[in-house]
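Take a look at the structure below.
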Amino acid sequence: MSEHTVRIVVDGRELEVPKGELVIKAAQDNGTYIPRFCWHPRMKPVGMCRMCLVFIDSGRGPMLTTACTTPVADGMKVDTTDPAVKKAQEGILEFLLINHPLDCPVCDRGGECPLQDQTMAYGPGESRFVEEKRHFEKPIPISDLVMLDRERCILCARCTRFSEEVSGDPLIEFLDRGYHTEVNTFPDHPFRSYFSGNTVQICPVGALTATLYRFRARPWDLVAVESTCTHCTAGDRIVIQASQNEILRFLGVDAEATNQGWLSDKCRFGFGYINSDQRLTVPLIRDGDGFREATWGEALDLIAQRLGDVIRTSGPDAVAALGGARGTNEDAYALSKFMRTVVGSNNLDCRMDDTLDAEFLAATVDRALISDIDRAKTILVWGPDLKEEHPTLYLRVRRAAIGSVPGLVSSNSDAHLAAAAGATLVVVHPRATGLDPVADFKLTYRPGSGAELLAQLRAGEGRLAEVRAALAEGPVVALVGRTGSTEDPRLAEAVAAFVRTLPDAKILPLARRANTYGALDMGVAPTLLPGRVSISEETFTAWGDIPRKPGRDCRSILEGALAGDIQALLLVGADPVRDVPDGDLADRALDAVPFLVAVDLFLTDSAGRADVVLPADGFGEKEGTVTNLEGRVQKVNAIVPGAGQSRPDWSILDDLARRMGSSLGFGSAEAIAKEIAEVAPAYRGVTWDVLDWEARDGVVVPGGEGTQPLVYLPADTPGPIIKADLVLHSARTMYDDGVTMRHTPHLHRLAPGAALHVHPDDAARLGLGFRARVVGSSGSATLPVVTDPSLARGVVYVPFNQPGCPPLGSDPRVTVEPA
Amino acid sequence: MLTELLKGLAVTFRQMFRPRVTTRYPKEFRTKPQRFHGRHVLNRYPDGMEKCIGCELCAGACPARCIYVRGMDNPVDAPVSPGERYGFVYEINMLRCIFCGLCVEACPTEAITMTHLFEMSVTNRDDAIYTKNELLMRPDGTVPHMFDDDPYANYEELNTADGWLRATAPGGVAAYEGVKMWQGTQGPASWDPEPDQETRDA
Amino acid sequence: MGVGIAAPPNILTTTIEKAARWAATRSMFPATFGLACCAIEMMATGAAHYDLARFGMEVFRASPRQADLMIVAGRVSQKMAPVLRQVYDQMPDPKWVISMGACASTGGMFNNYALVQGVDEVVPVDVYVPGCPPGPQSLMHGILTLHRKIMEGEIHR
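Line by line, the protein sequences give chains W, R and S.
Heads up: the first sequence is residues 100 to 918, going by the numbering used here.
Heads up: the second sequence is residues 485 to 686, going by the numbering used here.
Heads up: the third sequence is residues 331 to 487, going by the numbering used here.
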């Protein structure tokens, strides 16, 4: 027995369990299941439901005690099988069922309901209650995504605790007292939380149900497969459930390394686009202003012939490719190999000019893991609003900032005790963010002046002295990224360079789009080769003779197309017109390029201009791996067939290569994974077998010393300071007008909409009425005006990529006039 | 030898005077046992509401997986069935169905019952998939069939119920114990109530 | 359906075509293909209580050469499928197939690797008879449906 454990006896078995652990958890970990409704391993215990009553003898004789609120103590005796315990369980269940309606046949939870299951296992056979049950209006929509049926509620407080403790938007609460107690939202305040779907998943009865899943299927006709969400880059583990070849819901999986069971609503409900009837189902070839349907052979032959012509007449450098971040690593590898070996060009980029340097994202020095956030003393967030762009990371940082959860006590290590006090959180962002309420320090700055603030912070003088002192306490974890599309991408790197001067500091570079990290690791960047290898690295010989000169990045490709240097452009799951901050540039470039090919799920704004459009398989339709922002490689799995004739990207590229007289040599996605595991140094040995059987929570790459050839030191060049009377901040929100959201109607409705947010003083000064015209460096729009006192004076905010608003440009200088 | 021949023929001759046992289907129908499992029917309440609530328990209980049900929100202004949910799609593949009656047992609202009709032979397997159109009792209590021109079928059998119908304790309300619910339903759904607890226990 | 006449029906052969169809329905000789429980019902159909002799088809032929109707009564395993096909091929034209019961028609409740999921994967089926097993009256309804199909000369329903 070590100093961190105690001995207890559960049902006559002597156990050695960690000190401070709750009886219910200790028993469960050692094979004794104590029934419960209110206790959730990721939240504080409350002892609301009384279902976990067991005999606990701490020396004063056995007493019926709730196992979920009692920490273990040395010599404690627990009896879960005594007739009195059985009687207590039956009594509690009979009480819980007094007001629980018998509408299991129509309840979405029926079949997977803890109340059903535990009534069958521990409940009495009959109820003595013959009076009228409690009645409420049922069901009431408490938000666009969640329905509440108060009759079914057993008042376990899981949803209220989740929204208060975990997500930090306590919009659902207990009302009234005693017999009249009910869970509800406040009048006129819908349950508008980005995390509301989690309450549906943890509800032990069918009181909270999801509108999307409502009455769509029953548990027994669902098939399920575990996968990884690719809406953001955190790599949340999910279960995809489908019935009759239609994806019906996502559930969170409690993976300690990533999402710990929670999901954002975008991840949980953002699958409508997969089932959309707008999906491309056949290859399309341009015919005048429209398209005509074609066979795969015809479309691929045309592409092969046109690409061949361009390569012959203008050289391989006249061909470029954008995209690859939406697919799997296998797809990205195929694209990278296709461009390097078949075309012979380094002009490819998975970034849409809205994120950071490729080498910084892929191979920065001192890279942090997500779990480092839990152990940090100080957390610096200088990047996008985590709640909007990295929701599960937001939950992680928030939990670390407010201190750990007592129910989670699993070790008494020093690091854990330090974390329990809560980390010091420093948030730097031009605008109010979701983390502000739990931040110890919040710094704001005008877009364009970030370098100035960084210099002041580095000096640590005046009002920043306190912040600087906090940052001096390690371990420090810094989450750095581009706060908005008008910010210089070099600023984040300069912040990272500053962070490296702090004690015991780790850096988590943030990028938003799906599998950006995986695509970069597969070499879908002008300067990178698979496995975090620089393009100039001569030791990489697996692909034979490939061009070694760095190619063009996204911006340069678009400029080249405009200048006529790029003659053929491949868009692989890319929509530059909506995604590139300089939308005007992308717009003109796509019109200018002579031959445009789009591989996509939908006829997007960009794909609509293509000469050939090829339908691709989407999420849940293909198997593969993805890499999250800490470098964790995880599996995504297929559960439904693709739409129509769609194919996975790698198969399209392989076929195309063969028609161009070459070959990529792939037979299946798994074969590509094997090739990656051999060819890419950082991915050595990471095969599907390993991910499927040994490491379900993924493998962090690089696996060992020396397997990452490229180690990038962040450059300390924050970029120019741009001052102007009015500066623009434009950042993404969770729900926007991106192509997947646009075809997911339930969520697209929730997009905040295009608006010009401006400080009331500025609105008065500029004489703005209800609408105003904003002219940015690369686009303009007439938008409704919203006054927002939380903005600094002289800063206007326009959410990026909202319905009815084009990208306004990457320069912060902006003019606003009344319209 | 002649006596043997006559002996044998006498046996045959005797048979001529015994009653004929052959049922001359399709002119005559042999009386089927009360619990005969024939074609399914979806019942209605006397007020015309559908009994099916689309809960898919029948589909879950079906060992042949021949039932496909999809539920939907009941329209608030024109509800199809009592409660929140109704059976939006209801299909039975009669060729897969093994007529075991587990769906009838699983049904919490007595919505699906079996009739005595068995004439369902088809020349095209698509025609063996009975949808709500064919399964659901009409508001006047008659039951439709896949083919209304079958010269051999006895449509009267659609109005006979199997013996599996049983009354459930209605909603746990003590006052209704032993009272026959859903009275006056047409053909397929008419039965005696369950005895009350005391009678049952005695 | 040509019912034994190679040339398509025309004005000269209509009456004889009708006669041939009528003749075909009056004395079909089923090949015995009882594979499982359905066969018991098939036997019952041939016995006195239902008496298939009324349709002139009381003799179940043991040789496919002498039969023109195959009643597949029971589940067809993957190993039985080639045998089934061979028996069918050995039957002289014109010939018909009745798939009797759920297993023969679709695999029924045995949705597994061992069974053919519907005998129409192996031979062309004229009439499907639902039931598990179909009673003698159900089978007779199937036979009558087949008669009707032959007489009307087209796939009705």
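No residue lacks a Cβ here, since even glycine has one placed at the ideal position from N, Cα and C.
Between S/A383 and W/Y312, the alpha-carbon positions lie close to 58 Å from each other. Shown here, S/M430 sits in a strand according to DSSP, grouped into three states. For S/D398, the nearest beta carbon of chain R is not closer than 8 Å to its own beta carbon.
Between W/S584 and W/D791 a beta carbon distance of about 38 Å is seen, past the 8 Å cut, so the two are scored as non-contacting. Listed by position along chain R, the residues whose Cβ is nearer than 7 Å to that of S/M439 are P547, A548, I582. About 6 Å separates the beta carbons of W/L434 and W/L752, which is inside the 8 Å limit, making them a contact pair.
Membership of S/Y458 in the beta strand (DSSP E) is indicated by the continuous run 457 to 459. In this chain, the alpha helix (DSSP H) harbouring W/P588 covers 588 to 598. For the region 517 to 545 of chain R, the set of positions with a beta-carbon nearer than 8 Å to some beta-carbon of chain W reads I537, G538, C539, E540, L541, A543, G544 in chain order.
Within the region 409 to 462 of chain W, the complete alpha helix (DSSP H) segments at least 4 residues long are 428 to 436, 457 to 462, listed from N- to C-terminus.
Per the Cβ contact rule, the region 512 to 530 of chain R is in contact with the region 595 to 610 of chain R (3 or more Cβ pairs under 8 Å). Assignment of S/R395 by DSSP, reduced to helix, strand and coil, places it in the helix class. With fewer than 16 other CB atoms across the displayed protein chains lying within 10 angstroms of its CB, S/T345 is exposed. Here DSSP, grouped into helix, strand and coil, assigns W/L846 to helix. Taken in chain order, the members of the region 589 to 609 of chain R whose beta-carbon sits within less than 7 Å of a beta-carbon on chain S are F602, E603, M604, S605, V606, T607, N608, R609.
Taking the Cα positions, W/L270 is about 21 Å away from W/H489. In chain order, A378, H379, D381 make up the part of chain S whose C-beta sits under 9 Å from the C-beta of R/V505. Here W/V725 has T327, T329, G334, T427, N428, N614, G617, Q733, V735 as same chain residues with Cβ atoms under 7 Å from its own Cβ, once five neighbours each way along the sequence are excluded.
At a cut-off of 8 Å between C-beta atoms, W/D753 does not count as an interface residue with respect to chain R. Sequence-distant Cβ neighbours of W/A854 in its own chain, meaning closer than 6 Å and more than five residues away, are L882, P883, V885. In terms of beta-carbon proximity, R/P628 stays away from the interface with chain S, with every pair separated by 8 Å or more.
Each residue's CA atom was taken as its position, placing W/Q188 and R/A545 some 29 Å apart. With the criterion set as a beta carbon lying under 8 Å from some beta carbon of chain S, the members of the region 487 to 514 of chain R are V505, T506, T507, R508, Y509, P510, F513, R514, in sequence order.
Taking a Cβ-Cβ cut-off of 9 Å, the neighbours of S/D456 in chain R comprise T607, given in sequence order. Of the other Cβ atoms in all chains shown, 16 or more fall within 10 Å of the Cβ of W/F639; this residue is therefore buried.
Contact annotation, R/T615 with R/Y574: C-beta distance approximately 7 Å; criterion of less than 8 Å satisfied. The C-beta separation of W/A624 from W/A660 comes to about 18 Å, leaving the pair out of contact by the 8 Å criterion.
Around S/A392, the same chain offers T362 as residues with beta carbons nearer than 7 Å, after the five sequence neighbours per side are excluded. Put simply, the region 832 to 849 of chain W touches the region 369 to 376 of chain W. At least three CB pairs are less than 8 Å apart. In this chain, the beta strand (DSSP E) harbouring W/T164 covers 162 to 165.
Secondary structure in the region 618 to 703 of chain W: the alpha helix (DSSP H) runs of 4 residues or longer, each lying completely within the stretch, are 653 to 662, 675 to 678, 682 to 691 in chain order.
Contact annotation for R/A612 against chain S: S435, Y458, P460 [CB-CB distance below 8 Å, chain order]. DSSP links W/V798 through a beta bridge to W/V732. Taking a 10 Å sphere around the C-beta of S/P464, we find 16 or more other C-beta atoms and assign the residue as buried. Under a 10 Å Cβ-count criterion, S/S357 is classified as exposed, with fewer than 16 other Cβ atoms of the shown protein chains found around its own Cβ.
Within chain S, no residue has its beta carbon less than 9 Å from that of R/Y574; the closest one is some 17 Å off.
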